[in-house]
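Right, one structure below, let's go through it.
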Amino acid sequence: DTAVSQTPKYLVTQMGNDKSIKCEQNLGHDTMYWYKQDSKKFLKIMFSYNNKELIINETVPNRFSPKSPDKAHLNLHINSLELGDSAVYFCASSQSEVGRTEAFFGQGTRLTVV
Amino acid sequence: AQKITQTQPGMFVQEKEAVTLDCTYDTSDPSYGLFWYKQPSSGEMIFLIYQGSYDQQNATEGRYSLNFQKARKSANLVISASQLGDSAMYFCAMREGPNTGNQFYFGTGTSLTVIP
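Protein sequence lines correspond, in order, to chains D and X. Quick note on numbering: the first sequence equals residues 18 to 131 in the numbering used here. Quick note on numbering: the second sequence equals residues 18 to 133 in the numbering used here.
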């Protein structure tokens with residue numbers, strides 16, 4: 018059973034389109050994240066949710082809107098896609114307390130905007 | 018200031034040799050955790066090892082060990098007896114207390130190549 022699953026794995030779309038990436042975790046974690054990994058492999062936090070509440074909203078264009086219908090799901094919707102949005106997007110989850118509570122990552126979604 | 022600094026963009030190591038990947042961190046929080054992840058060319062993020070700020074001993078997990086020097090704020094990863102499958106990107110990460118929203122701060126990564 019996959020711990021953190023995100024779909025789709027690959028997404029190729031045209032500029033201006035709207036797309037969604039889904040993420041689900043079956044680990045019972047209370048915190049979920051979206052990270053963006055650019056072409057230089059840098060991992061940047063986009064959003065963090067704790068028990069369905071938005072905790073972190075980094076400087077991300079408001080074209081990006083996360084939605085957490087429940088603790089196990091955190092979806093990412095992107096409006097009006099731009100070329101610069103091309104990247105790998107990772108969903109992750111963890112328990113909130115500090116300790117040996119590593120983040121578990123989904124397989125990543127490679128988004129290519131053409 | 019960067020929370021996590023990895024100063025080695027790329028490293029090479031001979032198969033069966035040991036290699037150290039550097040990581041320094043910056044925090045004023047007394048309670049934090051340090052993590053290392055491996056990202057092979059296939060793209061997934063694999064957790065390797067954890068070190069807590071209050072842990073007295075350096076963490077070890079199989080061929081991975083973490084050289085934790087708290088006063089110097091460094092958490093270097095040591096891979097012993099390198100294997101070809103160790104070729105990957107390696108990321109150091111830190112997590113502070115709840116005031117920072119539970120997020121994991123990542124370094125820029127080190128690309129390790131194991132030479133046969």
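Ideal placement from N, C-alpha and C gives every residue a C-beta, glycine not left out.
C-alpha distance - residue i paired with residue j, whole-angstrom precision
| i | j | result |
| --- | --- | --- |
| GLY33(D) | LEU98(D) | 5 Å |
| VAL115(D) | PRO86(D) | 25 Å |
| LEU38(X) | ASP35(D) | 40 Å |
| TYR66(D) | LYS53(D) | 15 Å |
| VAL36(X) | LYS87(X) | 21 Å |
| LYS100(D) | GLY27(X) | Correcting the residue identity first, residue 100(D) is Leu in this sequence and not Lys. In a straight line, the C-alpha of LEU100(D) is about 28 Å away from that of GLY27(X). |
| ARG80(X) | VAL95(X) | 8 Å |
| ARG80(D) | LEU71(D) | 16 Å |
| LEU93(D) | LYS39(D) | 6 Å |
C-beta atoms of residue i and residue j nearer than 8 Å
| i | j | result |
| --- | --- | --- |
| TYR54(X) | ALA110(X) | yes |
| GLU32(X) | LEU101(X) | yes |
| PHE122(D) | ALA109(D) | yes |
| SER111(D) | GLU119(D) | yes |
| MET106(X) | LYS58(D) | yes |
| ILE63(X) | ALA76(X) | no |
| LEU91(D) | PHE123(X) | no |
| THR126(D) | GLN23(D) | yes |
| SER45(X) | GLY114(X) | no |
| ASP55(D) | LYS88(D) | no |
| TYR50(D) | GLN120(X) | yes |
Residues bridged to residue i (per DSSP)
| i | result |
| --- | --- |
| ARG127(D) | TYR27(D) and VAL105(D) |
| LYS20(X) | Answer by DSSP bridge pairing: none, since LYS20(X) is not bridged. |
| ARG80(D) | According to DSSP, which records beta bridges pairwise, ARG80(D) is partnered with nothing at all. |
| MET32(D) | DSSP lists no partner for MET32(D). |
| HIS12(D) | Only positions 18 to 131 of chain D appear in this structure, which leaves residue 12(D) out of reach. |
| THR19(D) | DSSP, once it has assigned bridges, lists no residue as partnering THR19(D). |
| PHE52(X) | TYR67(X) and ALA110(X) |
| GLN42(D) | VAL21(D) |
| ILE73(D) | SER65(D) |
Chain D residues whose Cβ lies nearer than 7 Å to that of residue i
| i | result |
| --- | --- |
| PHE29(X) | Per Cβ cutoff of 7 Å: no residues; PHE29(X) is ~18 Å from chain D at best. |
| MET62(X) | PHE107 and PHE122 |
| MET106(X) | LYS58 |
| ARG112(X) | VAL115 |
Same chain only: Cβ atoms within 7 Å of residue i, ignoring 5 sequence neighbours per side
| i | result |
| --- | --- |
| ALA92(X) | CYS40, TYR42, LEU51, GLN68, LEU83, PHE85 and CYS109 |
| PHE29(X) | THR130 and ILE132 |
| THR30(D) | LYS36, LEU98 and VAL130 |
Interface partners of residue i on chain D, CB under 8 Å
| i | result |
| --- | --- |
| GLN100(X) | Correct list: empty, because the minimum Cβ distance to chain D is about 22 Å. |
| TYR49(X) | VAL115 |
| ASN75(X) | Per Cβ cutoff of 8 Å: no residues; ASN75(X) is ~14 Å from chain D at best. |
Spatial neighbours of residue i in its chain, beta-carbon cut-off 6 Å, leaving aside the 5 residues before and after
| i | result |
| --- | --- |
| PRO57(X) | ALA105 |
Interface partners of residue i on chain X, CB under 9 Å
| i | result |
| --- | --- |
| GLY126(D) | Residue identity check: residue 126(D) is Thr in the sequence provided, not Gly. None at all; the shortest Cβ gap to chain X is about 10 Å. |
Neighbour list for residue i in chain X, Cβ cutoff strictly below 8 Å
| i | result |
| --- | --- |
| LEU110(D) | According to the sequence displayed, residue 110(D) carries Ser and not Leu. Chain X residues near SER110(D): none, gap ~10 Å exceeds 8 Å. |
Proximal chain X residues relative to residue i, where beta-carbon distance stays under 7 Å
| i | result |
| --- | --- |
| GLU70(D) | Ordered by position in chain X, no residue passes the 7 Å Cβ test against GLU70(D), which lies about 10 Å from the chain. |
Residue i Cβ short of 7 Å to the ligand FMN heavy atom set
| i | result |
| --- | --- |
| GLY126(X) | Of the ligands one can find in the structure shown there are none, so the ligand FMN has no counterpart to examine. |
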